[in-house]
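Report on the structure given below.
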Amino acid sequence: MKKDIQIKMDFPGVQTFHTPEEINLIADAIRNPASLSMGQNLKQFESDFAKYLGVRYAFGVSSATAALDIAAIISGVKEGDEILLPAHTFTATALPFLRTRSKLVFVDIDPNTFLMDLEDLKTKITSKSKVVVPVHLYGAPINMTELVKIAKEHNLFVIEDCAQAPGAEWQGRKVGTFGDIGCFSFHGQKNITTLGEGGMIVTNNPDFEEKILGLRKIGSRPYKNQDKYWKPAMSNIVEAIPGKLPYNFALGEIQALAGDLILKRIDDINSKRKKYFDRINNELENYSELQFQKVPEKGLSAYHLLPARFDGHSYGKTRDDLIENLYEDFGIKCVVQYYPLYNYELFINNGYSKKDSYCPESDLFYDNMISFPFKSEMTDNEINYLISSIKSVIDQYRNNKN
Ligand SMILES: Cc1ncc(COP(=O)(O)O)c(C=O)c1O
């Protein structure tokens, strides 16, 4: 990296920071906890989150992966059942279904939205298909009207992976409320975080309430009529789904409070992120080599990340060149997001391959994608620097061609 670079932009490990007032409230809760687990803060966070989404039930869990694990169990999938999911997503979307020994069927992405292509989805449905997992990747919503229609026609259970999309909407309705179950992440790099790890599982189905409670925390539920004493302590334990032993996927009290505090300002956070995105997208309008994610017209994105496709073939430059030049010349660290899942060793070792999956757009996207640093608070200076550095690198490519 050049020595005289003034601004350095790392790829952020944390996207949303607490305000000083929030830190005071969190410190108070640490000083004087009524309880540190399964207490009032969790109840409040769950109730606020459910209200924010417009959904009946929300349950705090330790991660979105835990939420997806519970969802996979509740869907009732068995060994050999087929699960439809995008080839381009974070690995955690698929892991719970590997654990149930179901067969993953990878669906290609739409090259403009970078989201699961619903036409390709239709071609991959068979009589063994049981579950579809739409992923609102990078914060952008999938066309849920169409997806739910396809799922109904084929009797598919819908698990929405909203890990990256709290507050995103499809036609004015929040994602996570369309499917049978919705799963959210509060990992440290997400728009909302619960001090580094956490998640939420949501549903409108009253039948799932008992099942989720039974699986989430050792199968225990609070006693209803034993105020003076507990017999036995921590309540009776019930197997909510025969044959499925419970987990401990609970979300701690301080984490729940931290999440609830950020939830109160998530709309402001997401609208700031939209402003940053619009500005970067507009100012790079004449740089058609870069194509940012196209948010479907009827959708509102949570703008979780800033991925783009880069096409430098007319001057013989690749995405790797762009990453290298932004880092070496301007101190801007970018990343390449996800392999198509069938290219990870873990999936290859579990019997999946590129040859058997046929998702050419996902392969192409991996080869050409770049993800720029993006977070909830960006200064004008940072945004200007990012834009001018990208322009400068691409201008050089263009000029060297002539
Ligand atoms: C699309 C997607 N699904 C699932 C997960 C898993 O979330 P968690 O880290 O909370 O388990 C993530 C996290 O990065 C994600 O991006």
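With our numbering, the residue at position 139 of the sequence shown is 154, and numbering never jumps.
For glycine and all other residues, C-beta sits at the position ideal for the given N, C-alpha and C.
Owing to the predicted nature of the structure, the values given are computational and were not obtained by experimental measurement.
The segment 41-55 makes no contact with the segment 187-196, as fewer than three CB pairs between them are under 8 Å.
The Cβ atoms of P48 and E212 do not sit closer than 8 Å to each other.
V150 sits buried, since 16 or more C-beta atoms from the chains shown fall within 10 Å of its C-beta. N206 sits in coil when the DSSP states are folded into three classes, being neither helix nor strand. In the structure shown, A87 adopts helical secondary structure according to DSSP, grouped into three states.
Pairing I88 with K259, the inter-Cα distance amounts to about 8 Å.
H202 and S78 do touch by the CB rule: their CB atoms are close to 7 Å apart, below 8 Å.
DSSP, reduced to helix, strand and coil, places A323 within a strand of the structure shown. Taken atom to atom, the span from the alpha-carbon of L113 to that of Q411 is near 46 Å.
When DSSP reads this structure, E376 sits in no beta bridge, so it has no partner. Excluding the 5 residues flanking it on each side, G154 has same chain C-beta neighbours closer than 6 Å at Q179, A180, A183, S316, A317, Y318, H319, in chain order. The closest heavy atom of ligand 1 lies 7 Å or more from the beta carbon of L210. Inside the segment 262-290, DSSP marks whole alpha helix (DSSP H) runs of 4 or more residues at positions 268-278, from first to last along the chain. The way I'd put it, the segment 118-127 does touch the segment 370-383; three or more beta-carbon pairs between them come closer than 8 Å. Counting along the chain, F74 sits inside the beta strand (DSSP E) bounded by residues 72-76. Around the beta carbon of T394, a 10 Å sphere encloses fewer than 16 other beta carbons of the protein chains shown; the residue is thus reported as exposed. The Cβ atoms of Y67 and V217 lie no closer than 8 Å to each other.
Here G197 has E175, C177, G191, V217 as same chain residues with Cβ atoms under 6 Å from its own Cβ, once five neighbours each way along the sequence are excluded. In this chain, the beta strand (DSSP E) harbouring F199 covers 196-200. For N396, the closest C-alpha among the options K17, M24, D19, M16 is that of M24. The beta carbon of Q270 lies closer than 7 Å to those of T209, L210, G213 in the same chain, with the five residues before and after it left out. The residue among T160, R46, K145, F74 with its C-alpha nearest the C-alpha of G314 is T160.
Between Y353 and L119, the gap from beta carbon to beta carbon reaches 8 Å or more. Non-local beta-carbon contacts of I284 in its own chain, meaning distances under 7 Å to residues more than five positions away in sequence, involve T31, N206, S391 in chain order.
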